[in-house]
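See structure below.
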Ligand code: IPM
Ligand code: MG
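In the working numbering, the protein residues as written are 13 to 395.
Written out as structure tokens, the structure reads:
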């Protein structure tokens, strides 16, 4: 099959991690008989420098004509002094809203190879986890196109008062919850809806909708948690969670918190999905990006971890193209490379035993090699 992919490498370490992701996609494509063509576009800081705006007219439309979007990262100190509507981050918000990708999937799990990079003790990791095993594997589903990030905001005439508003409609809440339920059905069949319904009216609507929807999914165990408690539970017993569904702001904060438990935010991929197709499988439009930002302080130094971008490309294969086996090919290649002891600086363990710290390029080359040399016959990956 042929697939067209919009590419926005962006700023900071964006281009450094996006290059390897594309090479690895191509290697997987060659192996499995797919052709990926790329449409490179500009957004974020680079675009501000070139054309004065973070998201030029027509970019959303060009992306929409492709099958999916792969994005590196945007932003950096150079553009920090600009007014809100001209900052690089506006490009992200504009793309998310313009593409209608309302559900942001952020898988967060502890890979056994990275145990030493996780700051939690064994007993904390074992508490509440399935079978009492020291680990966790959770999925944060963050609402991405509504709430506080898109509500009305402003200042009083003299600038001494400012406000942002959290607005959610029943439709917005229901569709992201359904994405959460679809994901939970393929996982451990638990969904926890996180809100602040003891205080916020918008959260009370979330809970109302969730309670109604829960009846439609009797095979999924639905639970409810306040966000402050969830922030605590994540570091007290992360193993209790399977799928967490929450609002834009809460999901932003909780996913950064959870990322630390994996050892590094440099490991975390994400998929932002719109409506699912009739079978509830593939997303009609998907945007894929590492959770880490542009990390301008380490840009150009060959030390950034390319794995989050590579794993984001794998998520694209799975969620936009339905290429499960090809996605697994990349996931397994990453796992093999970690097994071999290679680490970028951010995921190097304290002990260092059996580990070799390498740069971005060497890590990417190792994954590339692992993809190329993986046994693959008749469209199947054979471990
Ligand atoms: C993220 C980021 C963005 C967000 C910023 C850069 C606008 O923190 O994707 O989590 O808050 O959504
Ligand atoms: Mg964030």
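Using N, Cα and C, we set each Cβ at its ideal position, and we do this for glycine too.
Original post:
Nearest to residue 18 by alpha carbon, out of 372, 171 and 55?
Top reply: 55
Original post:
By DSSP, does residue 260 sit in helix, in strand, or in coil?
Top reply: helix
Original post:
From what residue to what residue does the alpha helix (DSSP H) around residue 27 run?
Top reply: 26-44
Original post:
Taking the Cβ atom as the reference point for each residue, do residue 180 and residue 158 lie within a distance shorter than 7 Å?
Top reply: yes
Subject >> Element boundaries [beta strand (DSSP E), containing residue 205] >> reply: 202-207
Original post:
How is residue 165 classed by DSSP in three states: helix, strand or coil?
Top reply: strand
Original post:
Exposed or buried, which one is residue 100 when buried takes at least 16 other CB atoms within 10 Å?
Top reply: buried
Original post:
First and last residue of the alpha helix (DSSP H) that includes residue 110?
Top reply: 101-111
Original post:
Roughly how far, in whole angstroms, is the beta-carbon of residue 150 from the beta-carbon of residue 270, given that I think they are within contact range, below 8 Å?
Top reply: 7 Å
Original post:
Going by the CB atoms, is the gap between residue 24 and residue 85 shorter than 7 Å?
Top reply: yes
**OP:** Within its chain, find whatever has a CB closer than 6 Å to the CB of residue 119; leave out the 5 residues flanking it on each side and keep chain order.
**Re:** 151
Original post:
Are residue 192 and residue 113 closer than 7 Å when you measure CB to CB?
Top reply: no
Original post:
residue 264: beta carbon under 6 Å from a heavy atom of ligand 1?
Top reply: yes
Original post:
Between residue 218 and the rest of its own chain, which residues show a CB-CB distance below 6 Å, the 5 nearest in sequence each way excluded?
Top reply: 185 and 207
Original post:
Just how far apart, CA to CA, sit residue 261 and residue 333?
Top reply: 29 Å
**OP:** Label residue 172 either buried or exposed according to how many other C-beta atoms from any shown protein chain fall within 10 Å of its C-beta, with 16 as the threshold for buried.
**Re:** exposed
Original post:
Which residue spans inside the region 328-386 form an unbroken beta strand (DSSP E) run of at least 3?
Top reply: none
Original post:
Is residue 101 near ligand 1, going by C-beta to nearest heavy atom under 6 Å?
Top reply: yes
**OP:** To the nearest angstrom, report how far apart residue 347 and residue 176 are at their CA atoms.
**Re:** 42 Å
**OP:** Helix, strand or coil for residue 178, going by three-state DSSP, please let me know.
**Re:** coil
**OP:** Note down, in chain order, each residue of its chain lying with its Cβ closer than 8 Å to the Cβ of residue 124, except the 5 sequence neighbours on either side.
**Re:** 147
Original post:
Per DSSP, what kind of secondary structure is residue 55 in: helix, strand or coil?
Top reply: coil
Subject >> C-alpha gap between residue 20 and residue 373, whole angstroms >> reply: 19 Å
**OP:** Using only alpha-carbon positions, find the residue among 359, 345, 336 and 204 that is nearest to residue 259.
**Re:** 204
**OP:** Label residue 351 either buried or exposed according to how many other C-beta atoms from any shown protein chain fall within 10 Å of its C-beta, with 16 as the threshold for buried.
**Re:** exposed
Subject >> Cβ-heavy atom distance, residue 104 to ligand 1, below 6 Å >> reply: yes
**OP:** Assign residue 387 to one of two classes, buried (16 or more other C-beta atoms within 10 Å of its C-beta) or exposed (fewer than that).
**Re:** exposed
**OP:** Compute the Euclidean distance between the alpha carbons of residue 384 and residue 366, then round it to the nearest angstrom.
**Re:** 24 Å
Original post:
Which residue from 375, 188, 389 and 339 puts its Cα closest to that of residue 37?
Top reply: 339
**OP:** Compute the Euclidean distance between the alpha carbons of residue 155 and residue 115, then round it to the nearest angstrom.
**Re:** 5 Å
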